[in-house]
Amino acid sequence: MKLKAVSFGEILWDIFPNYKVIGGAPLNLILRMKSFGHDCNIISSIGNDKNGNDILKYLSINKISIDTISVSRKYPTGLVDIKFEDKSDVKYSIKYPVAWDFIQNSYLLEKLVKNCDLFFFGSLSSRSETSANCLNKLLEIAKYKIFDVNLRPPHFKIESIIRLMNKSNFIKFNEEEINLICHELGCKSKTIEDMITFISSYSKTKNICVSRGSQGAILYTNDKYYYNKGFKVKTKDTVGSGDSFLAMLISELKKGVDPMLSLSRACAIGAIVSMREGANPKIGMNYLSDFLKKSVIP
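99 is the number of the first residue of the sequence shown in our numbering; add one for each residue after it.
Right, dumping it as structure tokens:
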């Protein structure tokens, strides 16, 4: 089943201690969706500079259309300095202002989003009024909206998060994010299940997932909870693992795959990405199948 997927937000350069790579959660996610055979596009903006030109070349090589990538003559291409406290604790220093803070709406964008099956977005692109306004207009016409919360302090306001949750059909948090948001909303719940129930009731969103890093994930859909305890692997870095996790989960669920199996496959690809350097390693479906066969599915 081939789906039309569109993501909205940041395309940037991840600057690691010893190297740099093209990234940004919306791009990481759409590249993984593309690897599954889906029809994929991304809405973003880059600067009129070498970093931006290199991104356009990269997208073309990976057969991602650049028609919905605007080029700013005023603002530079986005950069993020990434540092590791340890292999699983990543610190981000996100430059501001940059080109993707100023994504302008257009007829082309509205037509693309209106005709897509899946519309992915996060919270980071709403840190600026221009991109936030564009996103809000597109959310009004998208059919199925997936919100990858992806909080990056200090680049968010709780009021914006609430507004985006209320417009979503599916919300993905990590454990720290759902704790923080529930606390801000006055929820006293202690268990993740109770927090999910609270968010579902508050936002009227019936599909919620909480990723728990090496300990797996919890999925709430069809009024049921599904659990995966994760896969034990040797981690190199976790950048991009959550993006691949979400891409696999949504792809499988939308194809009608059983939620439990969908969650297992999502946790597996997230684990595999964490075993390799960079956010977008090539992963064949045969490799994923072999990984699952050799592992005891939690």
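The beta carbon of each residue, even a glycine, is placed where N, CA and C say it ideally should be.
Going along the chain, which residues of its own chain have a beta-carbon closer than 8 angstroms to the beta-carbon of residue i, five neighbours each way excluded?
i, result
"Leu154", "Ile144, Ile164, Ile167"
"Glu273", "Ile290, Val308, Ser309, Arg310, Gly311"
"Cys214", "Lys102, Ala103, Val104, Asn139, Ala240, Lys241"
"Asn149", "Trp111, Pro174, Thr175, Leu177"
For residue i, which beta-bridge partners are listed by DSSP?
i, result
"Lys235", "None; Lys235 has no bridge partner."
"Asp246", "Gly220, Lys270"
"Val355", "According to DSSP, which records beta bridges pairwise, Val355 is partnered with nothing at all."
"Leu207", "Note: Leu207 sits in no beta bridge, so no partner."
"Leu317", "Cys307, Tyr324"
"Lys181", "Lys189"
"Ser170", "Gly145"
"Gly284", "Note: Gly284 sits in no beta bridge, so no partner."
"Gly176", "Leu110"
By how many angstroms is the C-alpha of residue j removed from the C-alpha of residue i?
i, j, result
"Pro252", "Tyr194", "11 angstroms"
"Cys138", "Ile162", "7 angstroms"
"Val355", "Asn146", "43 angstroms"
"Gly121", "Asn248", "14 angstroms"
"Val169", "Trp111", "15 angstroms"
"Lys118", "Lys334", "16 angstroms"
"Met346", "Met131", "7 angstroms"
"Ser221", "Lys243", "13 angstroms"
"Lys68", "Lys322", "No answer is possible for residue 68: it lies beyond the span of the chain, which begins at 99 and ends at 396."
"Ser73", "Ala197", "Residue 73 cannot be examined here, being either before or after the span of the chain that is shown, 99 to 396."
"Thr336", "Asn126", "13 angstroms"
"Leu359", "Phe389", "14 angstroms"
"Ser204", "Gly176", "22 angstroms"
"Asn234", "Leu317", "26 angstroms"
"Asp187", "Ala123", "17 angstroms"
"Leu237", "Tyr325", "30 angstroms"
Can you name, in chain order, every residue of its own chain whose Cβ lies under 7 angstroms from the Cβ of residue i, other than the five neighbours on each side?
i, result
"Tyr300", "Leu283"
"Phe329", "Cys365, Ala366, Ala369, Ser393"
"Phe114", "Ile180"
Suppose contacts are defined by Cβ-Cβ distances below 9 angstroms. Is residue i in contact with residue j by that definition?
i, j, result
"His136", "Ser266", "no"
"Thr295", "Asn305", "no"
"Phe268", "Ser224", "no"
"Val211", "Ile141", "yes"
Got a sec? Which residues, its chain only, sit under 6 angstroms from residue i by beta carbon, not counting five neighbours each side?
i, result
"Lys88", "The structure shown does not extend to residue 88, since the chain is modelled only from 99 to 396, so the question has no answer here."
"Met398", "The question about residue 398 has no answer, for the chain in this structure spans 99 to 396."
(request) Taking only runs that begin and end inside the stretch 102-159, name each unbroken beta strand (DSSP E) of 3 or more residues, in chain order. (result) 102-106, 110-113, 118-121, 137-145
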